[in-house]
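Notes for the one structure printed next.
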Amino acid sequence: MIPYVNIHTHRKANFPDEIAVFNIEINEQPIDICSVGVHPWLTANAGMDDGYIDKCIEQLRSKCLMLGVVAIGEVGLDTMRGANIELQTKLFRQIVALSEEIRKPLIIHQVKSIEALMQIRKETKAQQRWIVHGYRNKVEQARQLMQHGIELSFGKHFNEAAIRLAFENDMMWLETDASSVGIQDVYQLAATTLGVEEDFLKEYLYRKAVELLSLSE
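Numbering (my numbering), first residue to last: 11 to 227.
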């Protein structure tokens, strides 16, 4: 049976046939299968610690090399919450460097920071896959992100034109994030919008996940 792929979630798998990339923070113990990161919201008091970024990167490197960690995230930039954007940007740039060093994709949280993300992607010449999770913005911004090689993940609420464009460009993922809605419901919504069968969507995303996350079939 082809499993559902939930590329980003804060809830452990609800279905026996679900591959869920469970999000943890750097002070938590990795599980099989998970991503580990430093959420921008948790940087709020970072300015009071001169060694904050170095400590984060050291901890993150250690956790990311542990069994079960398939991606780095969620990480990113949030202009509305967390530390000042200068500190967030400095931390994110070092996380990008770590991603390139250990060759693991990024699951990205962004709020009003799409231009900054694209600029960092361009300047760093990053080769690892970046996935902006919970994408709800307009199709024009989706197009710009994809032109910079940045993929998009969609939850239960999405812009229909944006998800169609991402699917057409083979840069679409599905997720539940912190929602109580199951991944099966998200697949049903996406399949209806895209005009494809749910089973087709399952196989399509599973094949992509095997490649992205180095899963064994």
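Backbone N, C-alpha and C fix where the C-beta goes; we use that ideal spot for every residue, glycine too.
Residue i: which of the options sits nearest, CA to CA?
i	options	result
I160	V48, Q137, K218, N169	Q137
G205	Q194, W51, E178	E178
Y145	H158, K132, A172, E213	A172
A219	E111, Q104, E185	E185
T53	V31, L87, I82	L87
R103	L225, R131, H167	R131
Q98	H158, A23, G47	G47
W183	R153, I141, Q194, S224	I141
D195	G165, D180, R21	G165
G92	V15, A107, L199, G57	G57
P13	H167, K22, A30	A30
H143	T134, L162, C66	L162
With DSSP as the reference, identify every bridge partner of residue i, one or two as the case may be.
i	result
Q120	L87
G47	E35
F177	Answer by DSSP bridge pairing: none, since F177 is not bridged.
I12	DSSP, once it has assigned bridges, lists no residue as partnering I12.
A81	S45
T19	F32, D187
With 16 other CB atoms within 10 Å as the buried threshold, where does residue i fall?
i	result
K114	buried
E38	exposed
K212	buried
S45	buried
D187	buried
Q129	exposed
E84	buried
L77	exposed
I17	buried
Q120	buried
M11	exposed
P50	buried
Pull up the CB-CB distance for residue i and residue j, whole angstroms please, since I reckon it's below 8 Å.
i	j	result
S109	L116	5 Å
L70	I43	The pair is not a contact, with the Cβ atoms about 17 Å apart (cut-off 8 Å).
V191	L175	Not confirmed; about 23 Å, so no contact.
Where does residue i sit, in a helix, a strand or coil, going by DSSP?
i	result
M182	strand
V220	helix
V142	strand
F164	strand
E28	strand
D60	coil
K148	coil
R103	helix
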